[in-house]
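Trainee: Residue numbers (my numbering): 1368 to 1464. We put the beta carbon where it would ideally sit given N, CA and C, even for glycine. For reference, the structure I am asking about is given below.
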């Protein structure tokens, strides 16, 4: 079974609370490193303006490139398909992003 992240895009308002919750849940210290990204796209002109928020996070890929490029081997893939970052080994050089 392959795990994934699900969110209801119609309810996303770009507040980035999911970024804070993800760091809190995974014990990641506050700082510039973001394992989730929110891309905000605006289209049209007032008053017919459309805003589209897209959340990008770890896709737990079949063959994750981030595992291959991590110089400290802090990223690894478990047998159940989940990609894990060992925060005690990670040096935040961001080559994986």
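Just tell me which of 1439, 1424 and 1432 has its CA closest to the CA of residue 1373.
Mentor: For the purposes of this step, residue 1373 is identified with residue 6 of the chain shown, where counting begins at 1. Of the listed residues, the one whose Cα sits closest to residue 1373 is 1424.
Trainee: Going by DSSP in three states, residue 1430 sits in which element: helix, strand or coil?
Mentor: By one-based count along the chain shown, residue 1430 stands at place 63. Taken through DSSP and simplified to helix, strand or coil, residue 1430 comes out as coil.
Trainee: I'd like the span of the beta strand (DSSP E) that includes residue 1421, first residue to last.
Mentor: Locating residue 1421 in the chain shown gives position 54, where the first residue counts as 1. Its beta strand (DSSP E) spans residues 1417-1423.
Trainee: Would you mind sorting residue 1387 into buried or exposed? The rule is 16 or more other CB atoms within 10 Å of its CB.
Mentor: What you label residue 1387 is simply residue 20 of the chain shown in a count that begins at 1. Answer is exposed; the Cβ neighbour count stays below 16.
Trainee: Go ahead and pull the three-state DSSP assignment for residue 1444.
Mentor: Working through the chain shown from its first residue, we reach residue 1444 at position 77. If DSSP states are grouped into helix, strand and coil, residue 1444 belongs with the strands.
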